[in-house]
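Written below as structure tokens is the structure these notes are about.
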Amino acid sequence: MPRIPFGPWTPDEPPLDGTGLVTATNVSPQSSATGYYRSWPALTPISNALSGAPLGGVAGKSNDGKAMSFAGDMTKLYRLQASTWGDVSRVGGYSTATPEVWRFVPYGYDIIATNYSDAIQKFTIGTSTKFADMSATAPRARHLAVVRDFLVTGNTSDTDGQRALRVRWSPLGNPSGDWTPNATLQTDFQDLTTGDEIMGLVGGEYGAIICRSAIYRMTFVGPPLAFQFDEVVRNHGCAASGSLATDGTMSVFYAEDGFYIFNGVALTPIGVGKINRWFEDNVAPSSFPTMSAQIDATRQLYVLLFTSKDSPNGQPDTLLQYNWVSDRWTIIRQPALVLVRLLSTVFTLEDLDTVSMNLDVLPASLDSRLWSGGVPYLGAFTQDLKFSAFAGPALVAEIETGEAALGGGVKARVQTVRPLCDGEASVVVKHRDDQWGPQQETTAETPTRAGDCKFNVDARFHSMKLTIGGPWTVAQGVDFTFVPTSET
818 MPRIPFGPWT PDEPPLDGTG LVTATNVSPQ SSATGYYRSW PALTPISNAL
868 SGAPLGGVAG KSNDGKAMSF AGDMTKLYRL QASTWGDVSR VGGYSTATPE
918 VWRFVPYGYD IIATNYSDAI QKFTIGTSTK FADMSATAPR ARHLAVVRDF
968 LVTGNTSDTD GQRALRVRWS PLGNPSGDWT PNATLQTDFQ DLTTGDEIMG
1018 LVGGEYGAII CRSAIYRMTF VGPPLAFQFD EVVRNHGCAA SGSLATDGTM
1068 SVFYAEDGFY IFNGVALTPI GVGKINRWFE DNVAPSSFPT MSAQIDATRQ
1118 LYVLLFTSKD SPNGQPDTLL QYNWVSDRWT IIRQPALVLV RLLSTVFTLE
1168 DLDTVSMNLD VLPASLDSRL WSGGVPYLGA FTQDLKFSAF AGPALVAEIE
1218 TGEAALGGGV KARVQTVRPL CDGEASVVVK HRDDQWGPQQ ETTAETPTRA
1268 GDCKFNVDAR FHSMKLTIGG PWTVAQGVDF TFVPTSET
């Protein structure tokens, strides 16, 4: 029995041999050389609503290992306790200007937050009850990172005005200290000469400064310079700051000509011939300021939330996923406002009552890591302003194989199709006799007790479209039977 394994989804270059996919919706690519797809869970709420539209979030740990999660909207900063967001704003709150967002970074046991409109904020986990201004001499900034023991800011509003290409850093080991340039304290700033504007910062042993049209490496060299700046990429950079997501030394983002991975030294294109043209055709141009992206390290995924041109309300409605191990893309149709990666907090049985009084409708089973403390997980704020986890039932998936001439030089009659998946599957066979004519579709068939869907489709070109619903986990491909026919 011939088999068509589910290959990569490459809408920019539709496959003609049947192994690639024309559609891969509501499935997640896996880190496997053989290639298969898993289900993707729906968002399900685990918190109350914020007072305003969410503009970002983060999590960190105290000195005793206690995890805390934080989020912000235009006027407030919040801390999540069990399933309830509590206001932990400084006195007077905030005045976040549109289209600014909150960006956060953990520094030791501190959570550092910036919205560019207000002074940089600090909250010490286990000690603070409210956020407070971090330092009177620190600039306002759009971007934050921790490079070695320095807090680094980028794209600043400083004592001499807005500086879109400025990088400025704190005293060594003391972000709350005096940021006035001082060779002894090793605090200083650097105005870059190319790049248009800084779109994001990446921290670690060395720093990466992702500009709109350049990328710099920031290397610690000690006093009196503190850091050396080297332009490692010219005429390429990040077109949407919200598309930038990092994990370790890997950064993924969308540039003017498509998607790239930056490893700290060089750029690697990951969307050319696969997804770049499709994304340009489907993303709403006005949605660039509202994009958000995260790395799901557990699943080895880059996930980008964006607004499609088909969005019914002009809000983000689609997740684009990329698995960097298998080099595969998919999309998830899931409305949300902003992606956030948090750390789970310990839930007692009493705490679970605040999520749901009915154990049967909790967003995850009682033995899920979601209810244990300190576990990183990907979630999102939904359009009702509640934080939700990707822990609900599997979304209904649609997978369509590329077109194939099964009979070679003659027509072929497809007799059966067996979907290689669990769950409740139905199959449609699409067919035509020439590649310039429209495709015809059969009615949807469900498997018999033997697992086969029965067909009688005589044509020169065939493709199979699967819809998978109900509880399901894995989809691998289709087995099928056919016989060549004498008609040419």
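For what it's worth, this note's numbering labels the leading residue of the sequence shown as 818, then goes sequentially. Every residue, glycine too, gets a C-beta built ideally from N, C-alpha and C. These numbers come from a predicted model, not from an experiment.
To the nearest angstrom, how far is the alpha carbon of I1149 from that of Q1111? Taking the straight line joining both Cα atoms gives about 14 Å.
Taking the C-alpha atoms as reference points, what is the distance between S1125 and G1059? C-alpha of S1125 to C-alpha of G1059: approximately 15 Å in a straight line.
In angstroms with no decimal places, state the Cα-to-Cα distance between G1065 and A1025. Between the alpha carbons of G1065 and A1025 lies a distance of about 11 Å.
Just verifying my parser: in three-state terms, what is the DSSP assignment at G1059? Per DSSP, reduced to three states, the secondary structure at G1059 is helical.
Nearest-angstrom Cα distance between T1263 and F1297? Taking the Cα positions, T1263 is about 14 Å away from F1297.
Only counting the same chain, and skipping five residues up and downstream in sequence, which positions put a Cβ closer than 6 Å to that of R1145? The residues are P825 and P846.
What is the residue span of the beta strand (DSSP E) that N1052 lies within? Going by DSSP, N1052 is part of no beta strand (DSSP E) at all; its letter is neither H nor E.
Continuous alpha helix (DSSP H) stretch holding N1099: start and end: Unbroken alpha helix (DSSP H) run through N1099: N1093 to N1099.
Taking DSSP as the reference, what is the three-state secondary structure of S1109? Strand at S1109.
When you compare only the Cα positions, how much space is there between T1284 and K1271? Taking the straight line joining both Cα atoms gives about 16 Å.
Between L1118 and F1079, what straight-line distance do the alpha-carbon atoms span, to the nearest angstrom? Each residue's Cα considered, the two are about 15 Å apart.
Where does S1125 sit, in a helix, a strand or coil, going by DSSP? Three-state DSSP puts S1125 in a strand.
Three-state class that DSSP yields for P1255 in the structure shown: DSSP places P1255 in coil when its eight states are reduced to three.
With a floor of 3 residues, list each beta strand (DSSP E) that falls wholly inside the segment 1224 to 1251, ordered by position along the chain. Runs of the beta strand (DSSP E) inside the segment 1224 to 1251: 1229 to 1238 and 1241 to 1249.
Quick check: the Cα distance between V1142 and F1037, rounded to an integer number of angstroms? Going by the C-alpha atoms only, they are around 31 Å apart.
Can you look up D1177 in the DSSP assignment and give me helix, strand or coil? In this predicted model, D1177 has a pLDDT of only 46, less than 50, meaning its place in the structure is not dependable enough to derive any value.
What are the boundary residues of the beta strand (DSSP E) that includes D1005? D1005 -> beta strand (DSSP E) spans D1005 to D1008.
Around the C-beta of R980, are 16 or more other C-beta atoms found within 10 angstroms, so that it is buried, or is it exposed? Under this definition R980 is a buried residue.
Look up G889 in the DSSP assignment and give the residues it is bridged to. Residue pairing from DSSP places G889 in a beta bridge opposite L894.
What does the Cβ neighbour count give for V969, buried or exposed, with the cut at 16 atoms within 10 Å? Result: buried.
Okay, do the segment 827 to 840 and the segment 1217 to 1225 touch, 3+ Cβ pairs below 8 Å being the bar? Short answer: they touch.
Separation of L1156 from G869, as counted between CA atoms: Rounded to whole angstroms, G869 to L1156 spans 16 Å at the Cα level.
DSSP state of S1280 mapped onto helix, strand, coil: In this structure, S1280 counts as strand in the three-state DSSP scheme.
Which of helix, strand or coil DSSP assigns to S1303: The answer is coil: DSSP assigns S1303 none of H, G, I, E or B.
Quick check on S1030: does DSSP put it in helix, strand or coil? In this structure, DSSP gives S1030 a state outside helix and strand, which the three-state scheme calls coil.
Residue environment, S1103, which counts as buried when at least 16 other CB atoms sit within 10 Å: When all chains shown are included, S1103 counts as exposed.
Might you give, ordered along the chain, the residues of its own chain that have their beta carbon closer than 7 Å to the beta carbon of L989, omitting 5 neighbours on each side? D966, F967, L1002 and Q1003, listed in sequence order.
Using 8 Å as the threshold, is the segment 869 to 878 in touch with the segment 1240 to 1255, meaning 3 or more CB pairs across them? Verdict: no, contact absent.
Can you tell me which residues form a DSSP beta bridge with V964? Within the DSSP secondary-structure output, V964 pairs in a beta bridge with F967 and G1021.
Taking 8 Å as the cut-off, does the segment 1007 to 1017 touch the segment 945 to 953 (at least 3 CB pairs, one atom from each stretch)? By the C-beta criterion, the segment 945 to 953 is judged not to be in contact with the segment 1007 to 1017, since fewer than 3 inter-stretch pairs fall below 8 Å.
Count the other C-beta atoms from every protein chain shown that fall within 10 angstroms of the C-beta of N1273, then say buried if there are 16 or more, exposed otherwise. Of the residues assessed, N1273 falls on the exposed side of the cut-off, its CB having fewer than 16 other CB atoms within 10 angstroms.
Expressed to the nearest angstrom, what Euclidean distance is found between the alpha-carbon atoms of L1122 and G943? Using only the alpha carbons, I get a separation of about 32 Å.
Expressed to the nearest angstrom, what Euclidean distance is found between the alpha-carbon atoms of Q1007 and T913? Spanning the two alpha carbons is a distance of roughly 26 Å.
Buried versus exposed call for W857 [16 or more other C-beta atoms within 10 Å across all chains shown]: The residue is buried, with at least 16 neighbouring Cβ atoms inside 10 Å.
Buried or exposed, going by whether 16 or more other CB atoms sit within 10 Å of the CB of N972? With 16 or more Cβ atoms within 10 Å of its Cβ, N972 is classed as buried.
Under three-state DSSP, which class holds T827? T827: coil per DSSP, three-state reduction.
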